[in-house]
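Plus 12 on top of the position in the sequence shown (first one is 1) and you've got the working numbering.
For glycine and all other residues, C-beta sits at the position ideal for the given N, C-alpha and C.
No experiment lies behind these values; they were computed from the predicted model shown.
Reviewing the structure listed below.
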Amino acid sequence: MRVSNVARLAATLAAGVGLTVMGLAVIARAQTPAPLKIGVMDGFSGVYGDLTQGEVEAMQLAIEDVGGKVLGRPIEILSADHQTKPDVGAAIARRWYDVDGVKMITGLGTSSVALAVRKISQEKGLIDINTGAASADLTGPACSATGAHWVYDTYALAHVTGDAMVKAGGDSWFFITADYAFGHSLERDVTAVVKAAGGKVLGSVRHPLSTQDFSSYLLQAQASKAKVIGLANAGQDTINAIKQAGEFGIVKGGQKLAGLLVFATDVQSLTLPVAQGLVLTEAFYWDLNDETRAWTKRYRAKKDKLPSMLTAGVYSSTLHYLKAVQAAGTDDAKAVMAKMREMPVNDMMTKNGKLREDGRLIRDMYLFQVKSPAESKSKDDIYKLIATVPGDKAYRPLKEGKCPLIKD
Numbered sequence: 013m014r015v016s017n018v019a020r021l022a023a024t025l026a027a028g029v030g031l032t033v034m035g036l037a038v039i040a041r042a043q044t045p046a047p048l049k050i051g052v053m054d055g056f057s058g059v060y061g062d063l064t065q066g067e068v069e070a071m072q073l074a075i076e077d078v079g080g081k082v083l084g085r086p087i088e089i090l091s092a093d094h095q096t097k098p099d100v101g102a103a104i105a106r107r108w109y110d111v112d113g114v115k116m117i118t119g120l121g122t123s124s125v126a127l128a129v130r131k132i133s134q135e136k137g138l139i140d141i142n143t144g145a146a147s148a149d150l151t152g153p154a155c156s157a158t159g160a161h162w163v164y165d166t167y168a169l170a171h172v173t174g175d176a177m178v179k180a181g182g183d184s185w186f187f188i189t190a191d192y193a194f195g196h197s198l199e200r201d202v203t204a205v206v207k208a209a210g211g212k213v214l215g216s217v218r219h220p221l222s223t224q225d226f227s228s229y230l231l232q233a234q235a236s237k238a239k240v241i242g243l244a245n246a247g248q249d250t251i252n253a254i255k256q257a258g259e260f261g262i263v264k265g266g267q268k269l270a271g272l273l274v275f276a277t278d279v280q281s282l283t284l285p286v287a288q289g290l291v292l293t294e295a296f297y298w299d300l301n302d303e304t305r306a307w308t309k310r311y312r313a314k315k316d317k318l319p320s321m322l323t324a325g326v327y328s329s330t331l332h333y334l335k336a337v338q339a340a341g342t343d344d345a346k347a348v349m350a351k352m353r354e355m356p357v358n359d360m361m362t363k364n365g366k367l368r369e370d371g372r373l374i375r376d377m378y379l380f381q382v383k384s385p386a387e388s389k390s391k392d393d394i395y396k397l398i399a400t401v402p403g404d405k406a407y408r409p410l411k412e413g414k415c416p417l418i419k420d
């Protein structure tokens with residue numbers, strides 16, 4: 013009987029201890045602030061896969077630079093590959109916003125995907141910051157009170173690269189264009205620059221995304237006798253087009269190639285003997301100054317790869333967003349966006365940048381020329397700076413964008 017009583021007492025005590033531990037765990041969970049969830053979505057595979065690798069690591073650097081927390085809350089990263097498909101991107105965004113509680117999405121390369129995600133973000137009243145999509149429509153007809161366009165757009169690419177090529181004598185053009193929103197926007201905006209300068213567009217041809225064989229398109233461009241062949245595409249498509257243009261002897265024959273959206277990682281894939289002399293526009297280059305070199309060293313400790321303006325843009329957009337959350341004292345989208353517009357953007361790629369009402373970040377852009385092998389001192393020494401173009405000259409004037417948020 014005594015043994016039985018002792019056993020019952022022990023069981024009772026054990027149950028009490030268990031309930032106490034469970035209670036403490038519940039209290040601990042209640043006292044632990046919920047994480048602030050942010051997402052980076054991009055085409056991590058396929059035609060743009062090489063450009064986007066490292067965006068998660070860049071986001072991690074931004075989190076480190078705010079001390080790992082904001083408003084006392086830990087910061088959690090979600091990442092996903094939209095596979096350059098608008099329906100996939102829209103579905104991911106909806107799930108992140110509705111189910112996972114994500115407050116901001118950045119990355120969003122591929123204009124068709126970015127425009128699809130923009131609609132979801134507007135519907136939910138939440139923040140999307142496009143760092144990889146190029147279509148200037150994102151700050152035009154598709155502008156949003158909670159959306160931003162961070163790194164470059166087709167207007168800036170057209171006016172920096174296109175204007176430089178026309179001034180250098182390239183007054184007749186033929187376009188090889190990726191057949192979706194980005195390519196169409198880029199061709200449209202460069203055409204406007206060429207014609208405004210008194211030049212002519214002799215024709216264009218459109219190709220599907222992820223084209224392997226550019227021979228028929230290049231032959232049409234060659235036959236046009238245009239002084240400049242404008243490549244209104246990006247990523248592996250641009251690399252393939254430039255390589256195959258070399259095989260056709262197009263540049264040796266006197267025509268020039270204009271890479272209208274070219275990244276440092278593209279140039280390394282092409283190699284300097286193939287890419288030398290190419291004129292292009294970028295928003296960031298690792299070797300611009302001591303600050304860019306120091307940041308690149310930190311980045312490469314996480315991802316041993318030359319950073320592109322896309323990876324740098326994810327860092328920049330995330331850092332400014334987190335600073336704005338801290339300054340606003342809330343993660344409410346409207347309050348945070350107000351702070352993002354109020355605060356100047358200052359980091360290793362942008363100095364005193366201004367986020368406009370239409371969502372366009374106004375910042376300097378750079379015109380580079382790819383070095384020859386003889387000029388290069390190392391495998392990463394690929395650009396020489398031709399010109400720095402101030403943001404107010406590079407980007408479309410606010411009232412010309414047809415953003416419905418801007419009243420006349």
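Rounded to whole angstroms, residue 302 and residue 110 show a C-alpha spacing of 42 Å. Residue 51 sits in a strand when the DSSP states are folded into three classes. A straight-line Cα-Cα distance of about 31 Å links residue 101 and residue 84. Distance check between residue 207 and each of 329, 123 and 175 places 175 closest, using alpha-carbon atoms only. Three or more Cβ pairs closer than 8 Å define a contact, and the stretch 332-351 meets that threshold against the stretch 76-93.
Below 8 Å, enough C-beta pairs join the stretch 245-254 and the stretch 210-223 to call them touching: three or more. Take residue 212, set aside five residues on each side of it, and the residues of its chain with a beta-carbon closer than 8 Å to its own are 183, 184, 185 and 206, in chain order.
By the neighbour-count definition (other C-beta atoms within 10 Å, threshold 16), residue 387 is an exposed residue.
Taking C-beta atoms under 8 Å as the contact rule, residue 173 and residue 293 qualify, at a distance of about 5 Å.
The stretch 129-138 and the stretch 64-75 do not touch, with fewer than 3 CB-CB distances between them shorter than 8 Å. Taking all protein chains shown into account, residue 245 has 16 or more neighbouring C-beta atoms within 10 Å of its C-beta and is therefore buried.
Non-local C-beta neighbours of residue 71 in its own chain, meaning closer than 6 Å and more than five positions away in sequence, comprise 52, 89, 326 and 330, ordered along the chain. Residue 236 counts as buried, since no fewer than 16 other beta carbons sit within 10 angstroms of its beta carbon. By the criterion of at least three beta-carbon pairs nearer than 8 Å, the stretch 284-293 is not in contact with the stretch 195-205. According to the DSSP secondary-structure assignment, residue 270 is paired through a beta bridge with 242.
Nearest to residue 189 by C-alpha distance, out of 49, 408, 229 and 346, is 229.
With respect to the C-alpha of residue 333, the residue from 146, 345, 195 and 323 having the closest C-alpha is 345. Relative to the Cα of residue 180, the nearest Cα in the group 318, 218 and 239 belongs to 239. When DSSP states are grouped into helix, strand and coil, residue 417 belongs to the coil group. Beta-bridge annotation (DSSP): residue 189 is paired with 218 and 244. If the five residues before and after residue 389 are omitted, its C-beta is found closer than 8 Å to no C-beta atom of its own chain. Of the residues 44, 152 and 313, the one whose Cα lies closest to the Cα of residue 165 is 152. In the DSSP assignment, residue 381 falls outside any alpha helix (DSSP H) and within the unbroken beta strand (DSSP E) covering 377-382. Membership of residue 132 in any beta strand (DSSP E) is not indicated; the residue belongs instead to the alpha helix (DSSP H) covering 123-136. For residue 368, the secondary structure class from DSSP, reduced to helix, strand or coil, is coil. DSSP, read as helix, strand or coil, puts residue 110 in helix. The beta-carbon distance between residue 157 and residue 417, rounded to whole angstroms, is 6 Å. This is short enough to meet the 8 Å contact definition. Around the beta carbon of residue 112, fewer than 16 other beta carbons sit within 10 angstroms, so the residue counts as exposed. Secondary structure note for residue 97: it is in no alpha helix (DSSP H), with a DSSP letter that is neither H nor E. In the three-state reduction of the DSSP assignment, residue 387 falls in the coil class.
C-alpha of residue 313 to C-alpha of residue 56: approximately 20 Å in a straight line. The stretch 297-311 and the stretch 263-273 do not touch, with fewer than three beta-carbon pairs separated by less than 8 Å. DSSP, reduced to helix, strand and coil, places residue 116 within a strand of the structure shown.
Here residue 364 is exposed, its C-beta having fewer than 16 other C-beta atoms within 10 Å.
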